[in-house]
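First up is the structure itself, then whatever we jot down about it.
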Amino acid sequence: MTESPMTANPVERRKVSLIGLGVMGGAIARHIAQAGHELTIFNRTPKRAQDWAGDNPGLAHRIAANPAHAAQDADVVITCVGNDDDLADVVLGPNGVFRMLKKGGVFIDHTTVSARIARQISVEARDLQIHCVDAPMTGSQIGAEKGTLTLMCGGRKDAIEAARPVMEAYSQRIVHVGKAGSGQIAKMANQICIAGNVAALAEAVRFAQASHLDMDKVYEAISGGAAQSWQMDNRWKSMDEDQFDFGFAIDWMRKDLGLSLDEGRGLGVSLPVAALIDQFFADIQAMGGGRLDTSAIIKRLPKKGRK
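Every letter in the sequence shown is one number past the one before it in our numbering, and letter 205, counting from 1, is 268.
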């Protein structure tokens, strides 16, 4: 069997186009270029692409005029945009990626969207003989900057393997979950877990504060056992100090939980805890905190025992 050119040599220079230069996409773009690939960038707000190129001199081979232009002559196109409508526009729209991406090309989507749109795009890709992977990610802004993201991938096995050499430039774990849309379902499960963790952590912090305990000692005591979590390790101290200026905003979490709740209804699955915590996040939005990190959920709980 002839080996796919994408799997023949993991360090082979590829023409890679990245669409969406937000917090996550901008960091991913740097890793792609630094791995030796020829990078094309596009952002729907042109100034962001220009600023990124200015802040990262020499990394972008070109700035595309639209998604179709970004896909022209590309081996791999990666999207990291906002929601279902954004993704449909940049991929399937009049100037979308699929207008120009060549047969045998690879399309990777890192947006957290519905499983429905992921499946729709996969069908369109199949008809165009394009490898398609839905690969939402976890690992936060820190993971993107360090290149240590975890990718939850849905799609055909050959598509995952075709995409893997490029994805390895910015991730430390690539998991093929199942068929198209499966990556998105896994991401929804991930967000349900995170919401539960951060809500419980907020209550634990307030509880310890009200008891006038040394917060560092409490963390030392409980972080080595079954209560330990990423949220505890990275947000215990900052929540205690009322610091919430981090990467993943409550507005984004509510979007993701909305996807989870919608999918749950379609599956006939009850998600009462996720639904309740979604309303807690809504309380913070109503207070004007929608752009704060999800750990700001603690702001809805009164602080006692501390000035």
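All C-beta atoms, glycine included, are put in the ideal place defined by N, C-alpha and C. Since this is a predicted model, take the numbers as computed values, not measurements.
query, result
"If you run the structure through DSSP and keep just helix, strand and coil, what is residue 73?", "Because residue 73 sits at a pLDDT of 48, beneath the cut-off of 50, its placement in the model cannot be relied upon, and the following sentence gives the value as read from the coordinates. Looking at residue 73 - three-state DSSP - the assignment turns out to be coil, as it is neither helix nor strand."
"If you compare alpha carbons, which of 367, 173 and 307 is closest to residue 85?", "173"
"Nearest by alpha-carbon distance to residue 105: which of 133, 79 and 117 is it?", "133"
"Assess contact between the region 226-238 and the region 343-351, defined as three or more Cβ pairs (one per stretch) separated by less than 8 Å. Is contact present?", "no"
"What does the alpha-carbon distance come out to for the pair residue 140 and residue 96?", "13 Å"
"Specify, as a first and last residue, the run of the beta strand (DSSP E) that residue 105 falls within.", "101-105"
"Between the alpha carbons of residue 148 and residue 301, how many angstroms are there, rounded?", "34 Å"
"How about the region 241-248 and the region 269-283: do they share at least three Cβ pairs that are nearer than 8 Å?", "no"
"Among 160, 336, 269 and 175, whose alpha-carbon lies nearest the alpha-carbon of residue 169?", "160"
"Is it buried or exposed, residue 87, if we count other Cβ atoms within 10 angstroms and call 16 or more buried?", "buried"
"What does a CB cutoff of less than 8 Å around residue 316 pick up in its chain, not counting 5 residues either side in sequence?", "254, 257, 258, 344 and 357"
"I'd like the list of long-range same chain contacts for residue 127, defined as Cβ closer than 6 Å, with 5 residues on each side in sequence excluded.", "103, 105 and 133"
"Taking the CB atoms as reference points, tell me whether residue 311 and residue 359 lie closer together than 8 Å.", "no"
"Would you report the Cα separation of residue 332 and residue 77, rounded to the nearest angstrom?", "43 Å"
"Are the beta-carbon atoms of residue 153 and residue 171 separated by less than 8 Å?", "no"
"Just to confirm, is the Cβ distance from residue 142 to residue 82 under 8 Å?", "yes"
"For a test of the three-state rule: what should DSSP assign to residue 356, helix, strand or coil?", "strand"
"For residue 366 versus residue 352, is the C-beta distance shorter than 8 Å?", "no"
"Hey, could you find the ends of the alpha helix (DSSP H) residue 261 is sitting in?", "245-273"
"So residue 123 and residue 164 are in contact, right, with Cβ under 8 Å, and what is the actual spacing, rounded?", "No, residue 123 and residue 164 are not in contact; Cβ-Cβ is about 19 Å, not under 8 Å."
"Three-state secondary structure (DSSP) at residue 281?", "helix"
"Quick one: what's got a C-beta closer than 8 Å to residue 191's C-beta in the same chain, skipping five residues either side?", "161, 164 and 166"
"Are the beta-carbon atoms belonging to residue 262 and residue 340 less than 8 Å from one another?", "yes"
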